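**Q** Residues in the sequence shown are numbered consecutively from 1, following the UniProt record's numbering.
From the three backbone atoms N, C-alpha and C, an ideal C-beta is built for every residue, glycine too.
Computed from a prediction, not measured in an experiment: that's the story for all the values here.
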Amino acid sequence: MNNRTGSFLWNLRQFSSLVPSGRTVRLYPLGFCRRQIVYLNWNQRSLLNNFGNRMQSSIRCLFQNALIFKSGGDDFQTKGISTATVFTVDRPLCSRRLSFDSNHPLAADNGLKKNFQHKASKEDVLTKGTKPARISCSTLSQECNSLSDVLDIFSKAPRFPSSNYFSAMWIVAKRMSSDQKRFEKQLMFNHPVFSQLCEQAMREAKIMHYDDLLFSLHAIVKLGIPQNTLLVQTLLRVVQERINECDEKCLSVLSTVLEAMEPCKNVDVLRAGFRMLVDQQVWKIERVFTLQTVMKCIGKDAPVGLKRKLEMKALKELDQFSVLNSQHMFKVLAAMNHRSIILLNECSKTVTSNIHGCPFKILISILQSCRDLRYFNIDLLKGIADYVTTTFDIWKLKQVLFLLILFESFGFRPVGLMDLFMKKAADESGSLNVKNLVCILYVYSSLNHVYKCQTHRFLEIMASALTGSLHHISSENLLNVVCSFCLLNHFPLALINQLFQKDTISDLLTSGRISVQGGD
1 MNNRTGSFLW NLRQFSSLVP SGRTVRLYPL GFCRRQIVYL NWNQRSLLNN FGNRMQSSIR
61 CLFQNALIFK SGGDDFQTKG ISTATVFTVD RPLCSRRLSF DSNHPLAADN GLKKNFQHKA
121 SKEDVLTKGT KPARISCSTL SQECNSLSDV LDIFSKAPRF PSSNYFSAMW IVAKRMSSDQ
181 KRFEKQLMFN HPVFSQLCEQ AMREAKIMHY DDLLFSLHAI VKLGIPQNTL LVQTLLRVVQ
241 ERINECDEKC LSVLSTVLEA MEPCKNVDVL RAGFRMLVDQ QVWKIERVFT LQTVMKCIGK
301 DAPVGLKRKL EMKALKELDQ FSVLNSQHMF KVLAAMNHRS IILLNECSKT VTSNIHGCPF
361 KILISILQSC RDLRYFNIDL LKGIADYVTT TFDIWKLKQV LFLLILFESF GFRPVGLMDL
421 FMKKAADESG SLNVKNLVCI LYVYSSLNHV YKCQTHRFLE IMASALTGSL HHISSENLLN
481 VVCSFCLLNH FPLALINQLF QKDTISDLLT SGRISVQGGD
């Protein structure tokens, strides 16, 4: 008898230790939990009166630092909200079964496991039933052909997160022409559920994943939703508050978002926080693409110390640079207004050795960036000029002219390319407008380039083309044209006579006064 009483009291003490204050977790359809503290009033008398029932309904498993779930009973709520009481066990628990007598356990191990598995599976089914299925933006963008189609799907069954709907609309909009995009955006603003989608985005801002939040903001800005609206400003504030959740992927997205936004108070604050975050995480960035995206967004007015730190990180990752990374680095350094000679030299070598097949836009970007950074590399310029000369037949006349204008800004004269261009321009002068003719004459006179067997014919054709468009030439352009002809030792009388007309001189004097006053 004494043994049975001692065993009961020992079990009672052990079971009482499992009764801290609990938490009630409410499971919402969106799959997020809000907890509510519940204080339980336990006493030994009530425990003795209802000990058996509590043993079967409360205990699920016993192990160190476990979470023990107590079912809220059979009256489970059916409106999408479920409750569960959670007890946290902070002390090591004995593996001995709770019983009045060690020879007669209350429940066998197998029965306890089956009971737990049955009730746990029941709770899982109920929880899954209250959580709507997630729909991806890629699926939405494939199923929809217009922005209104996306909103129609949202109106039928709103899903979490709302970022997928905005991202899908932006993907669909990118496939449209500019006129169609403008029309579809107007329909989007007038759609009856568009305001509901915006409200849902604001409600979800603090609970959705941080990358989803950034994708929402990026798509909203790209869709042309005004930046001074409550929606955009709310998302900006939440992005600021949660910026410490930013990982490497989010850094890249946040950089793109900041690059697409106009300056305002919240954007400026977010940019300042972004710079502080980059300063802390710069050495943790692993991907070169992310590093370059961050460098491009950091801004020309960023602290010099931060620019140098990013430069050192780029130099450290130089062995990981692909050809595309090297081509892109010129634009990145120009965007942050940082002239890193070592980086530029190394990237120039890579670009020159892999110049064949380089797209026109990349060549233009490299030359423009070098001009902005005041970086002169004769090997790079020669490499680009030789490549264009070798593949001259595949280039349009206006593309080569654009390259020649950039070469002129360096004072670089690619002789072979200019000879080929002079011949082709003389043969296809009808495809050139007045602006093109003015630029051609400026480049050739500035670089003082003449081609013995082609120069006279070339200048005659240029003069004839400009004389035929004399009434469409502004007084300022006429002055520049005559000046270029004179530098090339050619004097077209029709253009010179028009320049000396009273009306032309009056226009030049008037524009000169305006320029002087504007300069003052």
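In three-state terms, what does DSSP make of Trp395?
**A** In the sequence shown, residue 395 corresponds to position 395, counting from 1. Coil at Trp395, not helix or strand.
**Q** Reducing DSSP to helix, strand and coil, say where Ala205 ends up.
**A** For this step, residue 205 is matched to residue 205 along the sequence shown. Residue state, collapsed to three classes: coil.
**Q** For Asn480, which residues of its own chain have a beta-carbon under 7 Å away from its beta-carbon, when the five flanking residues on both sides are left out?
**A** In the sequence shown, residue 480 corresponds to position 480, counting from 1. If we look at Asn480 and ignore the five residues flanking it on each side, its Cβ neighbours are Val438, Tyr442.
**Q** Taking 6 Å as the limit between beta carbons, can you name the residues of its chain near Ser348, skipping five residues before and five after?
**A** Counting from 1 along the sequence shown, the entry for residue 348 is found at position 348. For Ser348, where only same-chain residues beyond five positions count, the Cβ hits under 6 Å are Asn377, Leu380.
**Q** Within this structure, are the beta carbons of Gln227 and Met202 separated by less than 8 Å?
**A** Indexing the sequence shown from 1 puts residue 227 at position 227. Indexing the sequence shown from 1 puts residue 202 at position 202. For Gln227 and Met202, no; Cβs fall outside 8 Å.
**Q** Report the option in Met312, Ile496, Asn448, Ser146 whose CA atom is closest to the CA atom of Met188.
**A** Indexing the sequence shown from 1 puts residue 188 at position 188. Here the closest residue by C-alpha is Ser146.
**Q** Assuming Leu270 and Val294 form a contact by the criterion Cβ under 8 Å, report the distance between their Cβ atoms to the nearest whole angstrom.
**A** Within the sequence shown, numbered from 1, the residue matching residue 270 stands at position 270. Within the sequence shown, numbered from 1, the residue matching residue 294 stands at position 294. At roughly 14 Å, the Cβ-Cβ gap does not stay under 8 Å, so Leu270 and Val294 are not in contact.
**Q** Quick check: the stretch 476 to 492 against the stretch 442 to 459, are at least 3 beta-carbon pairs closer than 8 Å?
**A** Output reads yes: the stretch 476 to 492 touches the stretch 442 to 459.
**Q** Whole angstroms is fine: what's the gap from Lys114's alpha carbon to Phe160's?
**A** For the purposes of this step, residue 114 is taken as residue 114 along the sequence shown, with counting starting at 1. For the purposes of this step, residue 160 is taken as residue 160 along the sequence shown, with counting starting at 1. Only weak support exists for where Lys114 lies, its pLDDT of 44 falling under 50; the value from the coordinates is given anyway. Going by the C-alpha atoms only, they are around 35 Å apart.
**Q** Counting only beta-carbon separations shorter than 8 Å, does Leu187 have a partner in chain C?
**A** Of the protein chains in the structure, only one exists, and it is not chain C.
**Q** Rounded to the nearest angstrom, what separates Ser167 and Leu466 at their Cα positions?
**A** The sequence position of residue 167 within the sequence shown is 167, counting from 1. The sequence position of residue 466 within the sequence shown is 466, counting from 1. When rounded, the distance between both Cα atoms is 50 Å.
**Q** Confirm, please, whether the CB-CB distance from Leu343 to Glu311 is below 8 Å.
**A** On the sequence shown, position 311 is the one that residue 311 refers to. On the sequence shown, position 343 is the one that residue 343 refers to. Cβ atoms of Glu311 and Leu343: closer than 8 Å.
**Q** Taking only the alpha-carbon atoms, compute the straight-line gap between Ser326 and Asn497 and give it to the nearest angstrom.
**A** For this step, residue 326 is matched to residue 326 along the sequence shown. For this step, residue 497 is matched to residue 497 along the sequence shown. Going by the C-alpha atoms only, they are around 52 Å apart.
**Q** So, for Arg339: in the same chain, excluding its five sequence neighbours on each side, which residues have a beta-carbon less than 6 Å away from its beta-carbon?
**A** The residue you call residue 339 lines up with position 339 of the sequence shown. Hits under 6 Å: Leu373.
**Q** Mind checking whether Leu406 and Lys424 have CB atoms under 8 Å apart?
**A** As a working note, residue 406 is residue 406 in the sequence shown. As a working note, residue 424 is residue 424 in the sequence shown. Not in contact: Leu406 and Lys424 (Cβ atoms no closer than 8 Å).
**Q** Taking buried to mean at least 16 other C-beta atoms within 10 Å of its own C-beta, is Lys307 buried or exposed?
**A** Here the question's residue 307 lines up with position 307 in the sequence shown. Lys307 should be labelled buried.
**Q** Taking the runs of the alpha helix (DSSP H) that are 4 residues or longer, which of them lie wholly in the stretch 428 to 475?
**A** If we require 4 residues or more, the alpha helix (DSSP H) runs fully inside the stretch 428 to 475 come out as 434 to 446, 455 to 468.
**Q** Would the stretch 194 to 201 count as touching the stretch 238 to 253 if we require 3 or more Cβ pairs under 8 Å?
**A** Because the criterion of three Cβ pairs below 8 Å is not met, the stretch 194 to 201 and the stretch 238 to 253 do not touch.
**Q** Please give the ranges of any alpha helix (DSSP H) in the stretch 197 to 260, keeping only runs that are unbroken, at least 4 residues long and fully inside the region.
**A** With a minimum length of 4 residues, the continuous alpha helix (DSSP H) runs that stay inside the stretch 197 to 260 are 210 to 222, 230 to 241, 248 to 260.
**Q** What would DSSP say about Glu184, mapped onto helix, strand or coil?
**A** What you label residue 184 is simply residue 184 of the sequence shown in a count that begins at 1. Glu184 falls in the helix class under three-state DSSP.
**Q** Alpha carbons only, please: which of Asp301, Glu460, His449, Thr504 is nearest the one belonging to Asp427?
**A** Start at 1 with the first residue of the sequence shown, and residue 427 comes out as number 427. Closest by alpha carbon: Glu460.
**Q** Given a cut-off of 8 Å on the beta-carbon distance, is the pair residue 534 and Val388 in contact?
**A** Residue 534 cannot be examined here, being either before or after the span of the chain that is shown, 1 to 520.
**Q** Under the three-state reduction of DSSP, which class applies to Asp301: helix, strand or coil?
**A** Taking the first residue of the sequence shown as position 1, residue 301 is located at position 301. Three-state result, Asp301: coil.
**Q** What separation, rounded to the nearest whole angstrom, lies between the Cα atoms of residue 524 and Pro158?
**A** Since the first and last residues shown for the chain are 1 and 520, residue 524 lies out of range.
**Q** How long is the line joining the alpha carbons of Arg182 and Thr455, rounded to whole angstroms?
**A** Start at 1 with the first residue of the sequence shown, and residue 182 comes out as number 182. Start at 1 with the first residue of the sequence shown, and residue 455 comes out as number 455. The alpha-carbon atoms of Arg182 and Thr455 are separated by roughly 49 Å.
**Q** Is Asn266 helix, strand or coil by DSSP?
**A** To locate residue 266, count along the sequence shown from 1; it is residue 266. Of the three classes helix, strand and coil, the one that applies to Asn266 here is helix, per DSSP.
**Q** Where does Val193 sit, in a helix, a strand or coil, going by DSSP?
**A** Reading the sequence shown from its first residue, position 193 is the one you call residue 193. If DSSP states are grouped into helix, strand and coil, Val193 belongs with coil.
**Q** Looking at the structure shown, is Gln280 part of a helix, part of a strand, or coil, going by DSSP?
**A** Start at 1 with the first residue of the sequence shown, and residue 280 comes out as number 280. Helix at Gln280.
**Q** Could you spell out where the alpha helix (DSSP H) holding Gln498 opens and where it closes?
**A** What you label residue 498 is simply residue 498 of the sequence shown in a count that begins at 1. Looking at the DSSP string, the run of the alpha helix (DSSP H) that includes Gln498 is 493 to 499.
**Q** Going by Cα to Cα distance, which pick from Phe392, His191, Glu204 is closest to His356?
**A** Numbered from its first residue, the sequence shown carries residue 356 at position 356. For His356, the nearest C-alpha among the options comes from Phe392.
**Q** Measuring straight from C-alpha to C-alpha, what distance separates Arg371 and His449?
**A** To locate residue 371, count along the sequence shown from 1; it is residue 371. To locate residue 449, count along the sequence shown from 1; it is residue 449. Their Cα atoms are separated by approximately 21 Å.
**Q** Ile405 by DSSP, collapsed to three states: which one?
**A** Position 405 of the sequence shown, counted from the start, is the residue given in the question as residue 405. Helix.
**Q** Do you know whose CA, among Val172, Ser162, Ile135, lies nearest Leu141's CA?
**A** The residue you call residue 141 lines up with position 141 of the sequence shown. One point to set straight first is that residue 141 is Ser, not Leu, in the sequence displayed. Checking every option, the nearest Cα to that of Ser141 belongs to Val172.
**Q** So Ser162 and Ser216 are supposed to be a Cβ contact under 8 Å. How far apart are they, rounded?
**A** As a first step, residue 162 is located in the sequence shown; it is residue number 162 there, counting from the start. As a first step, residue 216 is located in the sequence shown; it is residue number 216 there, counting from the start. 7 Å between Cβ atoms; contact.
**Q** Throw me the rounded Cβ distance for the Cys297 and Ser255 pair, which I believe falls under 8 Å.
**A** The residue given as residue 297 occupies position 297 in the sequence shown. The residue given as residue 255 occupies position 255 in the sequence shown. At roughly 4 Å, the Cβ-Cβ gap stays under 8 Å, so Cys297 and Ser255 are in contact.
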